[in-house]
Amino acid sequence: MHVARHLLSALLSLGLAAPLPALADPPDHAPAHGWRKKHDRDDDRYYHGRSGKKWDRDYGVRRGQCSAEAVGAVVGGVIGGVVGSNVGRGDGRRIATVLGTVLGAVVGAEIARDIDDVDRACLGHALELSEDRHRVAWTNPQSGADYLLDPVRSYRSEGRDCREFDLFTGGKTLRRSACTLGDGRWQMR
Numbered sequence: 000m001h002v003a004r005h006l007l008s009a010l011l012s013l014g015l016a017a018p019l020p021a022l023a024d025p026p027d028h029a030p031a032h033g034w035r036k037k038h039d040r041d042d043d044r045y046y047h048g049r050s051g052k053k054w055d056r057d058y059g060v061r062r063g064q065c066s067a068e069a070v071g072a073v074v075g076g077v078i079g080g081v082v083g084s085n086v087g088r089g090d091g092r093r094i095a096t097v098l099g100t101v102l103g104a105v106v107g108a109e110i111a112r113d114i115d116d117v118d119r120a121c122l123g124h125a126l127e128l129s130e131d132r133h134r135v136a137w138t139n140p141q142s143g144a145d146y147l148l149d150p151v152r153s154y155r156s157e158g159r160d161c162r163e164f165d166l167f168t169g170g171k172t173l174r175r176s177a178c179t180l181g182d183g184r185w186q187m188r
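Numbering of the sequence shown is given in numbering that gives the first Met the number 0, commencing with residue 0 and proceeding in unit increments.
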């Protein structure tokens, strides 16, 4: 009995001391912060947008929730309708945007009053990275306005990638279209 117990203890100790293999990639069902397959092709770490641009971050768009706080940190103090696709230098501070001067005219003065650079950036990045019928929601941290973008369909017009979408905000639903300018900016039609 003692011999069997000592033998079992020795085997158990050896089994626990043996190194176990570690998985390099997170499982598919777990959220990955950063990018998957860091050791694979360099191209895999980017999110590929419809405009052809590669984006360092998706700001939660692929999960259906644009992080307005993170977007706000990127656009920061930039003022005006054209935020552009590069904000900052070399630190991953890039985000798609919708041309705001046109956006105000299309959605109407009542709703445009509440739309700021954060909303334009969330809208642009959602158009850039979301799939058709993959809704993206966000709440503006300044105004408290809630938005829900539902990309209805993707199409090409005059050689540009375009999206038809529904935008739900303030109890209203707006059906609009926007086309990419190819540099991460979207222009309302």
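Ideal Cβ positions, reconstructed from N, Cα and C, are used throughout, including at glycine.
Treat the numbers as computed from the prediction; the structure is a model and nothing was measured.
For R56 and L173, the gap between their C-alpha atoms comes out near 27 Å.
When DSSP states are grouped into helix, strand and coil, E127 belongs to the helix group.
Nearest neighbour of Y58 by Cα position, chosen from L7, S50 and C121, turns out to be C121.
Rounded to the nearest whole angstrom, the CA to CA distance from R49 to G158 is 13 Å. In the three-state reduction of the DSSP assignment, A144 falls in the coil class, being assigned neither a helical nor a strand state.
Going by DSSP, D115 is part of no beta strand (DSSP E) at all; its letter is neither H nor E. Beta-bridge pairing by DSSP links K171 to T168. Annotated three-state conformation of R61 is helix, per DSSP. The DSSP-derived three-state label of R159 is strand. Taking E130 as the centre and dropping the five residues before and after it, the same chain places the C-beta of P150 closer than 8 Å to its C-beta, in chain order.
Under a 10 Å Cβ-count criterion, H124 is classified as buried, with 16 or more other Cβ atoms of the shown protein chains found around its own Cβ.
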